[in-house]
Amino acid sequence: MDSEYLKSTVGPALTAAMSALVVEQPSDSVEYLGTYLLSYVKSKEMEASKQEAEKRMAVLLEEANAANAAAEAEAAAAAAAQAEKDKEEEALANELATSTDTASLYGKVLDLIKARTNSSSVYLGRKETTDAGVSQIQYLASTQEDMVGKVLKGVADGEEEGMEGVTWPIFTSSEVEETLTDAETGEESTVTKTVFPEEIVVPNVCRDPAIKCFGLPKLGSYVAVPVRYSSCLHENGIEDAPPPPEPVAAEDVDPEAAAATAEPVVEEPPPKFSPVNVTSEFIIGFDSVGQGREFTKEEKTFAKAWASKLAEASQAAELKLWNEDIVAMEAAAAGEADVVAAIAAAKEAAAATAAAALAELGEEVTEDEKAYKDAESKATAAVEVVTAVKDSLFAIAKSNVVPKSETVKALTGLVMIAGCEKGEYTDMLTNKVEWGKLKGLIGDGLIEKLAAIDITTWAAEGALDGVKGVIEGLEDAGTPFSHIVPVVSVSGTAISLINAVAAKAEAYTVFEAKKEEARVAAEEAAAAAAAGGE
């Protein structure tokens, strides 16, 4: 066994050494043989080491290839995910750019910001003022449903203390000086610019006592960014356009030569109206409550970018709607004479009907009943007049620009006298009439309600005080309610109807009181006659 081992291990080395010894014939055979064997061993060791290195290299290369493949797969997956994100963002940006109802996209914008910033919740608030002049931030949309309808209370104009939360400074401007250098002369000049904060950041909501929590406070950060744009859909959003500038004649130009060489130009008529802008202010707030972390610079930058996109889209959408209103307004102005004629004809027909009804009353009718019947006929006639111009009334309700306050008051009185509840046409958070709600009530359903008014409802003491207060100071003849010319006449019919219903209610009250007096007197007379006959 040992001999076999030696053959397999030492044999090849000795064989090679002896063969070399025979060929070389050294003078010292022993030394040569020893040196050869040492060289042989070293050579075999190097060969074995090389083979081991090659094996290790093959393993490392395989591992590197696997790692590269995994990295490429990961990069491809990341690129696909990013492409999907880009596609989603591009689609939403296109929706914003083409929509005239950006409010319907609030949810999508907030969901996107939530996903990209890893927020716990995201919400959009609008700065408003109540009918008492107190500012507030109303939360209109949120990724967290229970935030919608919540408010941050502010203060009245002129007051500085008492605001809730930490968001209010985002609406406060400051002035900064900026130095400008003329590119040609190198001269410097200083200009003053009005700037607003770009963000409000609270690193840890649990450590800021001023923070307003709408739920249980948890570790996390809060950020608010502004959504600020120029709005033209308010009641003073239309004004007469200024006259176009006079053309400036070029110097050293022969007028006859210029006229001969000039191409014919089709000039468009200058606009009759121009928009008047006011600033609409919103905020997008987002938090990491429950995560115990602050937002990164990239996350805040993303939120700001989409707040800007929303602002730009809202401004562009309002301008589109404003232009649509101008087209409708000019068409309505062209039909002004027809509307006025329709109102006159309806009034004449209604008056004739009312007079005929009054003439049919017998001589036994009391003056109080006659007065009530007359008021009833006039109220019915007023409803018929409004019905005759309902198309014009409905056209006014399609306006995106809020009509002048007088028009809004007249239409508010109309829906009130029809029996609509206050919450149907007011913003319950500000207690002010909301045009978007009010216009939604003006349709065929309103006409049906007007025709079916229950006078007993309005005959109760004080029942008409609210309606009368709304239209106080408005006249049946109408006032310059807006640039939409027929609004004056149509609003006048609404005021006439309200006044007619009020007169009917008053006459009804007197008539019913007299009837009650007569009934009591008759009962007393009958009782007295019965007592005398005994």
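Count along the sequence shown from 1, add 1214, and you get the number used in my numbering. Here a beta-carbon is modelled for each residue, glycine too, at the ideal position from N, C-alpha and C.
Original post:
According to the neighbour-count rule (16 or more other Cβ atoms, all chains shown, within 10 Å of its Cβ), is Q1296 buried or exposed?
Top reply: exposed
**OP:** Check each candidate in S1591, A1674 and G1687 and name the one with the smallest Cα separation from S1619.
**Re:** G1687
Subject >> Selected residue, minimal CA-CA separation from K1486, among C1446, V1541 and A1595 >> reply: V1541
**OP:** Please go through the region 1390–1463 and give each complete beta strand (DSSP E) segment of 3 or more residues, from N-terminal end onward.
**Re:** 1402–1409, 1414–1416, 1436–1445 and 1452–1454
Original post:
Do the region 1341–1351 and the region 1369–1382 meet, that is, are 3 or more Cβ pairs less than 8 Å apart?
Top reply: These segments touch.
**OP:** Please list the segments of the beta strand (DSSP E) lying wholly inside the region 1487–1519, counting only runs of 3 or more residues, in order along the chain.
**Re:** 1487–1489 and 1492–1501
**OP:** Flag A1455 as yes when its Cβ comes closer than 7 Å to any non-hydrogen atom of the ligand MN, and as no otherwise.
**Re:** Among the components modelled here there is no ligand, and therefore nothing to report on the ligand MN.
Original post:
Which two residues bound the contiguous beta strand (DSSP E) that contains L1338?
Top reply: Element bounds for L1338: S1335 to T1343.
**OP:** State the DSSP-derived secondary structure class of V1169, mapped to helix, strand or coil.
**Re:** It is not possible to answer for residue 1169, since the shown part of the chain is limited to 1215 through 1748.
**OP:** Please report the Cβ distance between G1680 and M1630, rounded to the nearest whole angstrom; I am assuming they are in contact, meaning their Cβ atoms lie under 8 Å.
**Re:** 7 Å
**OP:** Go through its chain and collect everything with a Cβ distance to E1495's Cβ below 8 Å, but skip five positions before and after it.
**Re:** R1340, K1341, F1385, P1440, V1441 and R1442
Subject >> As assigned by DSSP and simplified to three states, the class of T1386 >> reply: If DSSP states are grouped into helix, strand and coil, T1386 belongs with coil.
**OP:** For my contact list, E1532 and L1655 are in at a C-beta cut-off of 8 Å; report their separation, rounded to the angstrom.
**Re:** Contact flag wrong, Cβ pair sits at about 23 Å.
**OP:** State the beta-bridge partners of T1640 as determined by DSSP.
**Re:** By DSSP's assignment, T1640 forms a beta bridge with V1647.
Subject >> Cutoff 6 Å; reference Y1337; Cβ partners in own chain excluding five residues on either side >> reply: Within the same chain, Cβ atoms closer than 6 Å to the Cβ of Y1337 are found at Y1353, S1356, M1361 and G1499, the five residues on either side in sequence being excluded.
**OP:** Compare the C-alpha of V1492 against each of S1444, P1484, S1591 and A1743 and name the closest.
**Re:** Out of S1444, P1484, S1591 and A1743, the CA that lies nearest to the CA of V1492 is found in S1444.
Original post:
In whole angstroms, what is the alpha-carbon distance linking P1648 and S1502?
Top reply: The sequence given here places Glu at residue 1648; Pro does not occur at that position. Their backbone Cα atoms lie some 34 Å apart in a straight line.
Original post:
Can you name the start and end residues of the beta strand (DSSP E) that S1349 belongs to?
Top reply: V1348 to S1356
Original post:
Pick from I1327, E1266, V1490 and W1672: whose alpha carbon is nearest that of A1721?
Top reply: W1672
**OP:** Give me the Cα-Cα distance between K1518 and I1414, rounded to the nearest whole angstrom.
**Re:** 11 Å
Subject >> C-beta atoms of I1557 and S1388 nearer than 8 Å >> reply: no
Original post:
Got a sec: is the Cβ-Cβ distance from A1632 to anything in chain D below 8 Å?
Top reply: No chain D is part of this structure, which consists of one protein chain only.
Original post:
Is the region 1586–1600 close to the region 1559–1575, with three or more CB pairs under 8 Å?
Top reply: yes
Original post:
Where D1668 and L1306 are concerned, what is the direct C-alpha to C-alpha distance, given to the nearest angstrom?
Top reply: 50 Å
Original post:
According to the Cβ coordinates, are T1621 and S1705 closer than 8 Å?
Top reply: Against a cut-off of 8 Å, the Cβ pair of S1705 and T1621 comes out as a contact.
Original post:
With a CB to CB cut of under 7 Å and the five nearest residues on each side skipped, what residues in its chain are close to A1735?
Top reply: Excluding residues within five positions, none has a Cβ falling inside 7 Å.
Subject >> Of the listed residues E1261, G1368 and K1328, nearest to T1343 (C-alpha basis) >> reply: G1368
Subject >> Close-in-space but distant-in-sequence residues of the same chain around K1534 (CB under 6 Å, 5 per side omitted) >> reply: Result list for K1534: T1314, in chain order.
**OP:** Count the C-beta pairs between the region 1581–1599 and the region 1712–1727 that are closer than 8 Å, then say yes if the count reaches three, no if not.
**Re:** yes
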